[in-house]
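Engineer: Just dropping this structure here.
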Amino acid sequence: MIELLMTVFSATFFVTVIRTTTPLLFATLGGLISDLSGALNVALEGMMLISALTAVIVSVYAPWYVAVLSGICAGAMLGAIMAFFHLRMKADIILVGFAVNILATGGTVFALSQATGGDKGTSINLQSKAVPAVNLSFLDAIPLIGPTLRSLLSGHSILSWLALFMVFAVWYFLYRTPYGLWLRGVGEYPAAPEAAGINVTKVRAWSLVASGAFAGIGGAQLAMFNYIGFTRDMTAGRGFIALGAVLLGARHPVGAMLAALLFGIFEALAVVMPNLFNWIPGEMIQTIPFVVTVLALILFSYRAQRARQMRTLTKI
Amino acid sequence: MAPLLEAISIGKTYPGGTVANDGVNLTIAAGEVHAVVGENGAGKSTLMKILFGIEQPDRGELRLDGKPVSFPTPRDAIDNGIGMVFQHFSLVPSFSVYENVVLGSEPRNGIKFDRQKAIEEVRALSEKFRLAVDPLPPVGQLPVGQQQRVEILKALYRNARILILDEPTAVLAPQEVEELFVAVRALVAQGRTVIFIAHKLPEVLAISDRITVMRAGKTVGSVNAKEVTEQSLATMMVGREIALRVDRAKGRGDLACEVKALKLTAESGAPIAEDLNLKVHQGEILGLVGVEGNGQAELLEAIAGLRAIADGVVYLNGDKLNPLSTLERRERGLASIPEDRIARGLATGATIAENLVATRLADKRYVRNGLLDLKAIKAQALKLIERYSIRAGGPGYPVGTLSGGNMQKVVVARELSEQPKLLLVNQPTRGVDLGATQFIWKSLTEARDGGAAVLLSSADLSELLALSDRLVVFYRGKIVAAFVNSDDLTAETLGTYMLGLSRQDPETMRAAFQ
């Protein structure tokens, strides 16, 4: 137990948490944008998976940033495809989303075996690249807290810093620009923006594209930093956890970040615990993030219900 | 000088073959309040949708300031200075008032939404046009009357010269109607033009300068408001003289329903009504008078079995109703026409025939061995459609495709197709046109003459005065007055009791209860 606490309060664990949180946070922001526009994106999982593979394969032939961009594009394109089927062809968005997920599970394995020449499990024999980590060793020069600061802040993926910035950017977009107002209006009561001459379909389509782009960058981080290379089904439900994080974060960017961080912590625990407790089956430990997701959502909806009751009581 | 807005021989046929507008002419002069009246289904709404660019006319043309124009989308109408306030508001509930007003045309500062400027502009507008609203609170927390002002502000923010109000008074309380009229007059005084869609004639006469009457997709004519009376307008609308009076009951029978010391509470435990005592006899209509929310609706729900009774007893023909389920109560001859026909009276996605037998699924005539007898159900539907003159394509059409008046007729047909012993009626003619109102009133009096005891609640005092034999007034969950209806009884008298300004002494009340 003491060993566990020692691990948890170490700088390495913090770095692990940031690493596990980053892909989740991107996916959560993507889920948040589409959810606020009134289109629940259940395809985050599949989008991440396809983007991860795209980024890995492109990184074999191109610099890392081109690979990340290609991951983003893959996600955005999937978002556009969803928008086309949902908004133009009037298909149910949940069904379209699941179609993307199923396509992703099968399609990535097929594409992987094509790219690797027969390997259906991993991209281990591809020379894929990684997203560089940001080295802040100059922080050492600060007296007293310098070394601690360096061990906490140095060595994160450049995309982790981008994620943090994106939380702010998404918040600014949603609450400080007219377009954010449109997006939230479209999600809550589409008749209102429609009557005001706003093209509701267009807003939803763009938010699905943005949602896909966020999921895509999350997938790139997963396969180019958290792991180097692609493994089949490597997203392992992160896209669905992200959907939960959207709700748990009260549909607000900062809340989304906190929720993603919570799930990131438990995922990090699932990473470090097998070394400490070898008598617990590893599979059991790996279920922790999912169990926590379910528990957190139950707690959240219970509290929301209580809050509603309190409100109606005070009204009377 | 050319009129501000003209619609010339507009024709519109919907894909289903419904001819909504057929050679409609409308001429609006600048600075007037122009009412467009007509029954539901007369084509008013279609005409307004054409003026606002939601629908495209098949024939005819629109002229603005004498020049031909066309509006392919609402945006084009808005850009040409036309604004419309729909019956169902288009406001985002969680957004603040000012956010709703500026949505779609926000003041900007770079890419930033300039909130300060938006708030100031909304404040200035609401002062200029005497539409007092605080710009900051979320719209969802405002009463309906204020939400409507936000809608009007929205149109004005977009520089609407012509404002179309689609049945604006349907959702308002009487005081709110008065406030709306003050605002409308302020608008006109500042050079704006208002088109006012309505079918409540007293209001139309009170607010408008000119009136265009529509009937069955055609314009019947335009008149100056000063030169017509309610009766002559009604005749124009319906195309025949209509008698808005009904015959009183000839005499009443035995005691049918009795409510004794009834107490009702809300889920939170707060009292809704206390110590209610009522008697209704066969063959009489008892009117429940009161401002909405004073316990009348809840009393009807409790008798129907849709709401728990906290204390007290309800008897029907001597039997206690309290322990019985809604279905058992119906089997004993209870029928109910609920307040909200769409939410509680009908299944809008189901067909007319299905809705008409929905309360009789235990009846051997329509259900045999657990299977629906579709032939019998269809025959019954055809019979009722004929008898209640429901205007519909046929028994197989979804109820949701009918107009409000015809939907209500379906409810009435289902509840009255078999003579009830106790009939509960709440807002029977809300949002229903004159012709259907007349028909529904007649159906209710026929049920009464057939021996039903009727409890009638309505927000429309003239309806209560026209139909009821006796009336009781509710105020804050208590009965504060009782009257035997007579020609001397006026809405004003009832009003003083409804607002709690006066209260009858127990002796007078008991006398009226006899």
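From first to last, the protein sequence lines stand for chains A and B. Residue numbers 12 to 327, in this note's numbering, belong to the letters of the first sequence in order. Residue numbers -5 to 508, in this note's numbering, belong to the letters of the second sequence in order. Backbone N, C-alpha and C fix where the C-beta goes; we use that ideal spot for every residue, glycine too. Model, not experiment: these values are computed from the prediction.
1) Taking the straight line between their C-alpha atoms, what separation do you get for B/Ala407 and B/Pro101?
2) Go ahead and pull the three-state DSSP assignment for B/Gly287.
3) Are any of the Cβ atoms in chain A nearer than 8 Å to that of B/Lys436?
4) In the DSSP assignment, find the unbroken alpha helix (DSSP H) run with B/Arg117 in it and report its ends.
5) Between B/Glu161, B/Glu93, B/Lys377, which lies nearest to A/Ala4 when the distance is taken from Cα to Cα?
6) As a quick exercise: from A/Val145, A/Ala144, A/Leu160, pick the residue whose alpha carbon is nearest that of A/Asp151.
7) How would you label B/Lys220, buried or exposed, when you count the other beta carbons within 10 angstroms and need 16 or more for buried?
8) Provide the residue span of the alpha helix (DSSP H) that contains A/Gly117, from first to last.
9) Please tell me whether A/Leu259 and A/Ala307 are closer than 8 Å, where the distance is taken between their beta carbons.
10) For B/Ala533, which residues of its own chain have a beta-carbon under 6 Å away from its beta-carbon, when the five flanking residues on both sides are left out?
11) Could you have a look at B/Val361 and say whether DSSP puts it in helix, strand or coil?
12) So, are the CB atoms of B/Ala441 and B/Gln413 less than 8 Å apart?
13) For a contact meaning CB atoms closer than 7 Å, what does A/Pro204 contact in chain B?
14) Kindly examine the ligand FMN and report whether one of its heavy atoms sits closer than 7 Å to the Cβ of B/Asp357.
15) Determine, for B/Pro66, whether the minimum Cβ-Cβ distance to residues of chain A falls below 8 Å.
16) Just how far apart, CA to CA, sit A/Phe311 and A/Val53?
17) Which residues in the same chain as A/Ala174 place their Cβ atom closer than 7 Å to its Cβ, once the five residues preceding and following it in sequence are excluded?
18) Determine the chain B residues that contact A/Arg187 at a beta-carbon separation under 8 Å, and present them in chain order.
19) Look at A/Asn136 and A/Ser165 and say whether their C-beta atoms are less than 8 Å apart.
20) Given that a residue counts as buried once 16 or more other Cβ atoms are within 10 Å of its Cβ, and exposed if not, what is A/Trp290?
21) A/Met177 by DSSP, collapsed to three states: which one?
22) Is it buried or exposed, B/Glu172, if we count other Cβ atoms within 10 angstroms and call 16 or more buried?
23) Are three or more beta carbon pairs between the segment 42 to 58 of chain A and the segment 259 to 271 of chain A nearer than 8 Å?
24) Would you verify that the beta carbon of A/Gly266 is, or is not, closer than 8 Å to some beta carbon of chain B?
25) As an exercise, report each continuous alpha helix (DSSP H) stretch of at least 4 residues that is fully enclosed by the segment 176 to 213 of chain A, in chain order.
26) Note the first and the last residue of the continuous alpha helix (DSSP H) segment covering A/Pro34.
27) Under a Cβ-count criterion, where at least 16 other Cβ atoms within 10 Å of its own Cβ denotes burial, should A/Phe20 be classed as buried or exposed?
28) Considering B/Ser226, what are the terminal residues of the alpha helix (DSSP H) in which it resides?
29) Using 8 Å as the limit for Cβ to Cβ distance, is B/Phe89 near chain A?
30) Between the Cα of B/Phe83 and those of B/Arg385, B/Gly32, B/Val165, spot the shortest distance and give me the residue it belongs to.
31) Are the beta-carbon atoms of B/Ser462 and B/Leu272 separated by less than 8 Å?
32) Measure the beta-carbon distance from B/Pro51 to B/Lys6 and round it to whole angstroms, keeping in mind my assumption that it falls under 8 Å.
33) Determine the direct distance from the alpha carbon of B/Thr206 to that of B/Thr163, and round the result to whole angstroms.
34) Look at the alpha carbon of A/Gly255 and the alpha carbon of A/Leu55, and state the distance between them as a whole number of angstroms.
35) Could you tell me which residues DSSP puts in a beta bridge with B/Phe190?
36) Give the interface partners of A/Glu199 over in chain B, defined as CB-CB distance under 8 Å, in chain order.
Structural biologist: Taking the geometry as given:
1) Spanning the two alpha carbons is a distance of roughly 54 Å.
2) In the structure shown, the three-state DSSP call for B/Gly287 is coil.
3) Cβ-Cβ to chain A under 8 Å: no for B/Lys436.
4) Note, B/Arg117: alpha helix (DSSP H), 109 to 122.
5) The displayed coordinates of chain A run from 12 to 327. Any statement about residue 4 of chain A would go beyond what the structure contains.
6) Checked all of A/Val145, A/Ala144, A/Leu160; the closest Cα to A/Asp151 is A/Leu160.
7) In summary, B/Lys220 is exposed, with fewer than 16 beta-carbon neighbours lying within 10 Å of its beta-carbon over all protein chains present.
8) A/Gly117 -> alpha helix (DSSP H) spans 104 to 127.
9) Going by C-beta atoms, A/Leu259 is nearer than 8 Å to A/Ala307.
10) Because chain B in this structure spans residues -5 to 508, residue 533 of chain B falls outside the shown range and cannot be described.
11) Correct three-state label for B/Val361: strand.
12) Cβ atoms of B/Ala441 and B/Gln413: closer than 8 Å.
13) Within chain B, the C-beta atoms nearer than 7 Å to that of A/Pro204 come from Leu97, Gly98, in chain order.
14) Absence of the ligand FMN is noted for the structure shown, with no ligands found whatsoever.
15) For B/Pro66, no Cβ of chain A is located within less than 8 Å of the residue's own Cβ.
16) Cα to Cα, A/Phe311 sits roughly 20 Å from A/Val53.
17) Result list for A/Ala174: Thr33, Leu36, Phe37, in chain order.
18) What A/Arg187 touches in chain B: Lys106, Phe107.
19) A/Asn136 places its beta carbon 8 Å or farther from that of A/Ser165.
20) Counting Cβ neighbours within 10 Å, A/Trp290 comes out exposed, since fewer than 16 surround it.
21) Residue state, collapsed to three classes: helix.
22) B/Glu172 comes out exposed.
23) Yes, the segment 42 to 58 of chain A touches the segment 259 to 271 of chain A.
24) Output row for A/Gly266: interface = no.
25) Listed in chain order, the complete alpha helix (DSSP H) runs (minimum 4 residues) inside the segment 176 to 213 of chain A are 189 to 199, 202 to 206.
26) Per DSSP, the continuous alpha helix (DSSP H) segment holding A/Pro34 begins and ends at 22 to 47.
27) Exposed: under 16 other Cβ atoms inside 10 Å.
28) 224 to 232 is the extent of the alpha helix (DSSP H) around B/Ser226.
29) True, the Cβ-Cβ gap to chain A drops below 8 Å.
30) Among B/Arg385, B/Gly32, B/Val165, the Cα nearest to that of B/Phe83 is on B/Val165.
31) At the C-beta level, B/Ser462 and B/Leu272 stay beyond 8 Å of one another.
32) Yes, they are in contact, since the Cβ atoms of B/Pro51 and B/Lys6 sit about 5 Å apart, within 8 Å.
33) If I take the Cα positions, the gap works out to 18 Å.
34) C-alpha separation (whole angstroms): 12 Å.
35) Under DSSP, the beta-bridge partners assigned to B/Phe190 are B/Ala29, B/Leu159.
36) Within 8 Å of the CB of A/Glu199, the CB atoms of chain B belong to Val86, Pro87, Ser88, Phe89, in sequence order along the chain.
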